[in-house]
Amino acid sequence: MMKKILVTGGAGYIGSHTTLLLLQAGFDVLVLDNFCNSKPEALNRVSRLAGRSPHIIEGDIRNYDLLNQLFSDYSIDSVIHFAGLKAVGESVIKPLDYYDNNVLGSLTLLQAMAHANVTNIVFSSSATVYGDPQSVPISEDFPLSATNPYGASKLHIEVMLQDLCRADPNWRIAILRYFNPAGAHESGLIGEDPNGMPNNLMPFIAQVAVGNLKELSIFGNDFDTRDGTGVRDYIHVMDLAEGHLAALIALDHHKLITCNLGTGRGYSVLDMVRAFEVACGKQLPYRIVERRLGDIAESYTDPTHAKAMINWLPRRGLEDICIDHWRWQQMNPNGY
Ligand code: NAD
Ligand code: UD1
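For our numbering, count along the sequence shown from 1 and bump the result up by 603.
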């Protein structure tokens, strides 16, 4: 019988792409999402692309009774846990919301899993747990630190997961630390649909390109990098989604996996602007402004550990990221 996967936050940006791949790979998928940062339409599109649908439950991961009900109604094999809040700036202003949604939400989910004896989980962590790294590329054994409540929430959850793994040998846990997800499914039907003004670079650039925003503000050109602008490891969201399937498979052989998911290549903000200009065939107006508080100069991974642990490497490059992101933005100028 095909395995059944509970995907929390499955209507979101990374969750919707992963749900699509899971359906295409033949898994049964149950999505739990409260739609606080996504729209049900994303899952309609996923169903259209897959030719079959996930079960969809509108609800909150902090609702223990609901989770118990789900685990007793459906025989779930594994959980992929995306649900959470992710805006760094907002986390500084509303820290308790972040501890509530992310830490308490994950704790509640783990308690319900333990109660139901479901002990396989893949968790969305972030490169933010490396704080301001001493050097690049970043490997998994670098020291961890948090510079904001969002990052702290991810670190707390990682510690909970590691403690659980130590305490009970039945658990199988993959902690995936994403670098910078970007791009969209090649159909242009699903992609990132931020609420209001985008916080992150790629959706901002795409909205400038489509004419929703006037110009890009580049946060500083005096970093110690090639051209002075910040360098990041942009990873195609479909490669990232594939990383989750690879992690699920690898959990058959490993009890605890902690992996960076990135490409191993760093691109500057100006590299990204130029690559997007090629993809969309327009010049993109930008202005250099002050650095954003808390931004680091450079972040990119060393992908060798991911290759060894989960037998996964990204296949798509910068050009694919820009072409696919632009297709999604052009086909959906105002999102879903
Ligand atoms: P997203 O906001 O698009 O998706 C998160 C989904 O979770 C949304 O559909 C939202 O409605 C849902 N959700 C939030 N709180 C919930 C709750 N309490 N109960 C039920 N559903 C809830 O974000 P994303 O970019 O797809 O990110 C997914 C995960 O990956 C998050 O945990 C995020 O912190 C992590 N991550 C994201 C990035 C990134 O840059 N996108 C980088 C590193 C890590
Ligand atoms: C963001 C998150 C971080 C998370 C990471 C990976 C913030 C502050 N941090 O970081 O926690 O781990 O994604 O998903 O959101 N930039 C501009 N102009 C803009 C937007 C961004 O110049 O309008 C620059 C930034 O200074 C940075 C680069 O673009 O150099 C990427 O920024 P962004 O997309 O926000 O990602 P990160 O800062 O890496």
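C-beta: ideal position from N, C-alpha, C; glycine also.
It should be emphasised that the depicted structure is a prediction, and the values quoted were computed from it without experimental measurement.
Exercise for the section: Return yes when the Cβ of R775 is within less than 7 Å of the Cβ of K642, no when it is not. Expected result: Working through the sequence shown from its first residue, we reach residue 642 at position 39. Working through the sequence shown from its first residue, we reach residue 775 at position 172. For K642 and R775, no; Cβs fall outside 7 Å.
Exercise for the section: Can you give me the start and stop residues for the beta strand (DSSP E) that A844 sits inside? Expected result: For this step, residue 844 is matched to residue 241 along the sequence shown. A844 -> not in any beta strand (DSSP E); alpha helix (DSSP H) instead, spanning 840-853.
Problem - Beta-carbon gap between P784 and V834 smaller than 7 Å - result: Numbered from 1 along the sequence shown, position 181 holds the residue referred to as residue 784. Numbered from 1 along the sequence shown, position 231 holds the residue referred to as residue 834. No.
Handout entry: Three-state class that DSSP yields for V725 in the structure shown
Key = The count along the sequence shown starts at 1 and reaches residue 725 at position 122. In the structure shown, V725 sits in a strand (DSSP, three-state: E or B).
Handout entry: For Q810 and S748, the rounded distance between their alpha carbons
Key = Here residue 748 is taken as the residue at index 145 of the sequence shown, counted from 1. Here residue 810 is taken as the residue at index 207 of the sequence shown, counted from 1. Whole-angstrom Cα-Cα distance: 32 Å.
Problem - Cβ-Cβ distance between I659 and V682 below 7 Å - result: The residue labelled residue 659 in the question sits at position 56 within the sequence shown. The residue labelled residue 682 in the question sits at position 79 within the sequence shown. It is not a contact, given that the beta carbons lie outside the stated cut-off.
Handout entry: At least three beta-carbon pairs within less than 8 Å, the region 790-810 to the region 736-756
Key = no
Problem - Where T731 falls: helix, strand or coil (DSSP) - result: Taking the first residue of the sequence shown as 1, we reach residue 731 at position 128. Reduced to three states, the DSSP call for T731 is helix.
Handout entry: At least three beta-carbon pairs within less than 8 Å, the region 842-856 to the region 914-921
Key = yes
Exercise for the section: Starting from Y781, trace the beta strand (DSSP E) both ways and give me its first and last residue. Expected result: Locating residue 781 in the sequence shown gives position 178, counting from the first residue. 775-781 is the extent of the beta strand (DSSP E) around Y781.
Practice task
Count the other CB atoms, across all protein chains shown, that sit within 10 Å of the CB of D830; report buried if there are 16 or more and exposed otherwise.
Solution key: For the purposes of this step, residue 830 is taken as residue 227 along the sequence shown, with counting starting at 1. By the 10 Å Cβ count, D830 comes out exposed.
Exercise for the section: Check whether the Cβ of V876 lies closer than 6 Å to any heavy atom of ligand 3, and answer yes or no. Expected result: Judged by which ligands are present, ligand 3 is missing from the structure shown, whose ligands are ligand 1 and ligand 2.
Exercise for the section: Say yes only if the C-beta of P643 is nearer than 6 Å to one or more non-hydrogen atoms of ligand 1, and no if none qualify. Expected result: As a first step, residue 643 must be located in the sequence shown, where it is residue number 40. For ligand 1, not one heavy atom lies less than 6 Å from the Cβ of P643.
Problem - Pair within 7 Å by beta-carbon distance, D836 and T904 - result: For the purposes of this step, residue 836 is identified with residue 233 of the sequence shown, where counting begins at 1. For the purposes of this step, residue 904 is identified with residue 301 of the sequence shown, where counting begins at 1. Yes, they are a contact pair.
Practice task
Mind checking who R895 pairs with in its DSSP beta bridge?
Solution key: Counted from its first residue, the sequence shown places residue 895 at position 292. DSSP output for R895 lists no bridge partner at all.
Exercise for the section: Below 7 Å CB to CB, which residues in the same chain sit around A849 once its five sequence neighbours on both sides are set aside? Expected result: Your numbering for residue 849 matches position 246 in the sequence shown. Closer than 7 Å at the Cβ level, and outside the excluded window around A849, lie I913, N914, W915.
Practice task
State the start and end residues of the unbroken beta strand (DSSP E) segment that holds L609.
Solution key: Within the sequence shown, residue 609 is the residue found at index 6, counting from 1. Segment 607-611, the beta strand (DSSP E) holding L609.
Practice task
Return the residue from the list G662, C862, C925 that minimises the CA-CA distance to A777.
Solution key: By 1-based counting over the sequence shown, the position of residue 777 is 174. The shortest C-alpha separation from A777 is found at C862.
Exercise for the section: May I have the straight-line CA-CA distance separating G754 from V691, to the nearest angstrom? Expected result: Start at 1 with the first residue of the sequence shown, and residue 754 comes out as number 151. Start at 1 with the first residue of the sequence shown, and residue 691 comes out as number 88. If I take the Cα positions, the gap works out to 8 Å.
Practice task
For S681, write down the residues that DSSP places opposite it in a beta bridge.
Solution key: Counted from its first residue, the sequence shown places residue 681 at position 78. Paired residue(s): I608.
Problem - Unbroken beta strand (DSSP E) run spanning I821, endpoints - result: For the purposes of this step, residue 821 is identified with residue 218 of the sequence shown, where counting begins at 1. That run of the beta strand (DSSP E) goes 819-822.
Practice task
Could you name the residues of the same chain whose beta carbon sits closer than 7 Å to that of L710, not counting the 5 residues immediately before and after it, in chain order?
Solution key: Working through the sequence shown from its first residue, we reach residue 710 at position 107. So the list reads M763, once near-sequence residues are dropped.
Exercise for the section: Pick out whichever of K885, R895, I838 has its Cα sitting closest to the Cα of I924. Expected result: Counting from 1 along the sequence shown, the entry for residue 924 is found at position 321. Comparing Cα positions, the closest option is I838.
Practice task
Determine the contact status of F685 and G618, defining contact as a CB-CB distance below 7 Å.
Solution key: What you label residue 685 is simply residue 82 of the sequence shown in a count that begins at 1. What you label residue 618 is simply residue 15 of the sequence shown in a count that begins at 1. Yes, they are a contact pair.
Handout entry: Cβ shell of F826 (< 7 Å), same chain only, five flanking positions each side left out
Key = In the sequence shown, counting from the first residue as 1, residue 826 sits at position 223. Within the same chain, F826 has close Cβ partners T832, G833, A900.
Exercise for the section: Taking 8 Å as the threshold, find out whether the region 611-627 comes into contact with the region 792-799 through three or more Cβ pairs. Expected result: yes
Practice task
Specify the secondary structure class of E789 as computed by DSSP and reduced to three states.
Solution key: On the sequence shown, residue 789 is found 186 positions in, with the first residue counted as 1. Note: E789 maps to coil in three-state DSSP.
Practice task
Could you check what DSSP says for N671 in three-state terms: helix, strand or coil?
Solution key: Counted from its first residue, the sequence shown places residue 671 at position 68. In this structure, N671 counts as helix in the three-state DSSP scheme.
Practice task
State buried or exposed for R655, treating a residue as buried only when at least 16 other CB atoms are found within 10 Å of its CB.
Solution key: Taking the sequence shown and counting its residues from 1, one reaches residue 655 at position 52. It counts as exposed.
Practice task
Taking P736 as the reference, give the member of E922, G897, Q627, I926 with the closest Cα.
Solution key: Counting from one through the sequence shown, the residue named residue 736 turns up at place 133. Here the closest residue by C-alpha is G897.
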